[in-house]
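Dropping the structure here:
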(Lines of atoms letter the chains of each structure in order from A; the text may use other names.)
(Lines give C-alpha, C1' and ligand atoms only; values in the text may rest on other atoms or scores of the structure.)
Protein backbone atom coordinates (compact mmCIF):
# COMPACT_ATOMS: atom_id res chain seq x y z
CA UNK A 21 0.00 0.00 0.00
CA UNK A 22 1.24 3.49 -0.90
CA UNK A 23 -0.20 6.58 0.79
CA UNK A 24 0.37 10.15 -0.40
CA UNK A 25 1.21 13.15 1.76
CA UNK A 26 -1.45 14.82 3.90
CA UNK A 27 -3.83 11.85 3.56
CA UNK A 28 -6.30 11.39 6.43
CA UNK A 29 -7.14 7.73 7.05
CA UNK A 30 -9.57 7.14 9.91
CA UNK A 31 -10.64 3.56 10.62
CA UNK A 32 -9.96 2.46 7.03
CA UNK A 33 -9.24 -1.05 5.75
CA UNK A 34 -6.93 -0.89 2.71
CA UNK A 35 -6.01 -4.09 0.86
CA UNK A 36 -2.69 -4.87 -0.83
CA UNK A 37 -1.46 -3.18 -3.98
CA UNK A 38 -3.57 -0.05 -3.48
CA UNK A 39 -2.30 3.50 -4.01
CA UNK A 40 -3.86 6.39 -2.08
CA UNK A 41 -3.21 9.91 -3.40
CA UNK A 42 -2.26 13.07 -1.54
CA UNK A 43 -4.75 15.13 0.47
CA UNK A 44 -7.33 12.34 0.55
CA UNK A 45 -9.89 11.97 3.33
CA UNK A 46 -11.03 8.39 3.95
CA UNK A 47 -13.33 7.67 6.92
CA UNK A 48 -14.36 4.22 8.19
CA UNK A 49 -14.47 2.61 4.74
CA UNK A 50 -13.01 -0.39 2.92
CA UNK A 51 -10.77 -0.13 -0.15
CA UNK A 52 -10.13 -3.29 -2.19
CA UNK A 53 -6.98 -4.70 -3.79
CA UNK A 54 -5.00 -2.90 -6.51
CA UNK A 55 -7.10 0.27 -6.39
CA UNK A 56 -5.91 3.72 -7.42
CA UNK A 57 -7.40 6.50 -5.33
CA UNK A 58 -6.53 9.91 -6.78
CA UNK A 59 -5.50 13.08 -4.98
CA UNK A 60 -8.13 15.00 -2.97
CA UNK A 61 -10.63 12.10 -2.93
CA UNK A 62 -13.17 11.85 -0.09
CA UNK A 63 -14.76 8.55 0.95
CA UNK A 64 -17.44 8.71 3.63
CA UNK A 65 -18.19 6.22 6.38
CA UNK A 66 -19.46 2.80 5.33
CA UNK A 67 -18.28 3.07 1.72
CA UNK A 68 -16.85 -0.05 0.04
CA UNK A 69 -14.56 0.25 -2.99
CA UNK A 70 -14.19 -2.99 -4.98
CA UNK A 71 -10.89 -4.44 -6.23
CA UNK A 72 -9.15 -2.91 -9.27
CA UNK A 73 -11.12 0.34 -9.06
CA UNK A 74 -9.80 3.77 -10.08
CA UNK A 75 -11.12 6.99 -8.58
CA UNK A 76 -9.98 10.20 -10.29
CA UNK A 77 -8.80 13.33 -8.53
CA UNK A 78 -11.43 15.07 -6.43
CA UNK A 79 -14.04 12.27 -6.38
CA UNK A 80 -16.55 12.46 -3.52
CA UNK A 81 -18.31 9.25 -2.47
CA UNK A 82 -21.09 9.55 0.13
CA UNK A 83 -21.89 7.32 3.11
CA UNK A 84 -22.61 3.61 2.69
CA UNK A 85 -22.02 3.56 -1.07
CA UNK A 86 -20.62 0.55 -2.98
CA UNK A 87 -18.38 1.05 -6.01
CA UNK A 88 -18.16 -2.24 -7.89
CA UNK A 89 -14.98 -4.09 -8.77
CA UNK A 90 -13.20 -2.76 -11.85
CA UNK A 91 -15.01 0.58 -11.92
CA UNK A 92 -13.37 3.78 -13.13
CA UNK A 93 -14.68 7.17 -11.98
CA UNK A 94 -13.37 10.29 -13.69
CA UNK A 95 -12.12 13.40 -11.90
CA UNK A 96 -14.56 15.25 -9.62
CA UNK A 97 -17.25 12.56 -9.81
CA UNK A 98 -19.74 12.80 -6.95
CA UNK A 99 -21.85 9.83 -5.82
CA UNK A 100 -24.26 10.30 -2.92
CA UNK A 101 -27.18 8.28 -1.51
CA UNK A 102 -30.74 9.12 -2.61
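Residue numbers (the working numbering): 21 to 102.
Beta carbons are placed, not taken as given, at the ideal position from N, Cα and C, and that holds for glycine.
Would you mind listing the beta strand (DSSP E) stretches within the stretch 33-98 that are 3+ residues and don't spill past its ends, in chain order? For the stretch 33-98, whole beta strand (DSSP E) runs of length 3 or above, ordered along the chain, are 45-47.
Determine the DSSP secondary structure at residue 21, reduced to helix, strand or coil. Position 1 of the chain shown, counted from the first residue, corresponds to residue 21. If DSSP states are grouped into helix, strand and coil, residue 21 belongs with coil.
Just to confirm my understanding: we take residue 98, look at its own chain, exclude 5 residues before and 5 after, and list those with CB closer than 7 Å. What are they? Residue mapping note: residue 98 aligns to position 78 of the chain shown, counting from 1. The answer, listed in chain order, is 80.
Taking only three categories from DSSP, how would you classify residue 100? For this step, residue 100 is matched to residue 80 along the chain shown. Three-state result, residue 100: coil.
Beta-carbon within less than 6 Å of residue 62's beta-carbon, same chain only, minus the 5 sequence neighbours each way: which residues are those? For this step, residue 62 is matched to residue 42 along the chain shown. Correct list, in chain order: 45 and 80.
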